[in-house]
């Protein structure tokens, strides 16, 4: 589960050289890339899901595995929409360099995240 992965990463910090600490990522489908599980990539987290963005500012929903699911069942990660926060400076954070945030015309403060059904093994 995501919690177990975060627990392992937490325990590695302070006991392992910074260069030796692995990256904890979720592989987003459809060429979404590997999304690091770090605060700047996690948009929302609750008991059932994690809403994350990748380096292209695409938003994905990761459904948490629950104890009642089989260990070999697939975890659902789904692209839910695109957000364009890159202002062309290459860092993708939407900053204009003086600390103020510059938002694109189509920026939405809130996005609707559809409820996802866990994928079943056929």
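Numbering (our numbering), first residue to last: 448 to 569. All C-beta atoms in this analysis are idealised placements derived from N, C-alpha and C, irrespective of residue type, glycine included. Please read all numbers here as calculations on a predicted model, not as lab measurements.
Among residues of its own chain, excluding the 5 on either side of residue 480, which ones have a beta-carbon nearer than 8 Å to its beta-carbon? Answer for residue 480: 474, 501, 502, 503, listed in chain order.
Secondary structure at residue 454, three-state DSSP: helix, strand or coil? helix
Using the three-state DSSP reduction, which class does residue 512 fall into: helix, strand or coil? coil
Which residue marks the beginning of the beta strand (DSSP E) containing residue 490, and which one marks its end? 489-492
Distance, residue 471 Cα to residue 499 Cα: 13 Å
Contact set for residue 540: own chain, Cβ-Cβ below 6 Å, skip 5 residues either direction: Note on residue 540: pLDDT 47, under 50, position unreliable in the model; the coordinate value appears next. Cβ neighbours of residue 540 beyond the five flanking positions: none.
Length of the line joining the Cα atoms of residue 589 and residue 464: One cannot answer for residue 589 here, as it falls past the ends of the chain, which runs 448 to 569.
Who are the near neighbours of residue 468 in its chain, counting only those whose CB is closer than 6 Å to its CB and skipping five residues on each side? 459
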